[in-house]
Amino acid sequence: MLQVDARELQRGPVETVGRLEADDATFEGLGLALDGPVQVAGRLTQSGDQDFFWKARLSGRLHGSCRRCLTDMTYPLDTDVEVLFSADPEAADDPSVYPLEAPVSRVDVRPAVREELALAVSAYPLCREDCAGLCPRCGADLNAGPCGCTAPER
69 MLQVDARELQ RGPVETVGRL EADDATFEGL GLALDGPVQV AGRLTQSGDQ
119 DFFWKARLSG RLHGSCRRCL TDMTYPLDTD VEVLFSADPE AADDPSVYPL
169 EAPVSRVDVR PAVREELALA VSAYPLCRED CAGLCPRCGA DLNAGPCGCT
219 APER
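Written out as structure tokens, the structure reads:
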């Protein structure tokens, strides 16, 4: 349940557990190559009259290319997030707060899932930590061994 009725939150914290498929509209336009669903497990707590704190773990898999050797790869994406949702007009300009419309009737954590997932993606994914990359002269994959390149340096 990734959309929580505010009345439930008045009774206490609510577990937010769900799964968003890779083709879910939440991820539209992000340009992420998700390889399967994103699992969401968290806890949403009312922390003020119109403020809500969400602590969660997002888990999924991405498809991409190693930045050193350009090999196609699938790699895990796991991130812990702590987010504040608020209907307080004074918090509306704070980029770290997800705005809500007052009076709050429902808290939808999906916008936070979208943004926090995008922020957690590595800009430089590697197929492995010790990836040797490509030969700058001949382009051979150095993970397979020395290239034996005899091309002159330019």
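Residues 69 to 222 (the numbering used here) are what the sequence shown spells out, left to right.
Quick reminder that beta carbons are idealized off the backbone N, C-alpha and C, glycines included.
Neighbourhood of residue i by C-beta distance below 7 Å, restricted to the same chain and skipping five residues each side
i	result
A109	V85, A124 and R125
Which listed residue (the options) has its alpha carbon closest to that of residue i
i	options	result
A212	R205, P204, C206 and A200	A200
S133	F95, E83 and L102	L102
D119	C195, A160, Y192 and P193	A160
S190	P214, T94 and R129	R129
C-alpha gap between residue i and residue j, whole angstroms
i	j	result
G80	V151	17 Å
P179	S115	19 Å
L88	G207	39 Å
D156	L145	32 Å
R222	P204	Caution is warranted here: a pLDDT of 49 is assigned to R222, below 50, making its placement in the model unreliable, and no coordinate value can be reported.
Q71	F121	14 Å
L210	R136	10 Å
Q78	L112	11 Å
DSSP-derived helix/strand/coil call for residue i
i	result
Q78	helix
A109	strand
R222	Residue placement at R222 is flagged as unreliable, the pLDDT there being 49, under the threshold of 50; the coordinate-derived value follows with that caveat. Three-state result, R222: coil.
E183	helix
L210	helix
P167	strand
Beta-carbon contacts of residue i that lie in its chain and below 6 Å, excluding the five residues immediately before and after
i	result
A186	L98
Neighbourhood of residue i by C-beta distance below 8 Å, restricted to the same chain and skipping five residues each side
i	result
D73	S173 and R174
L202	R136, C137, L138, A208, D209 and L210
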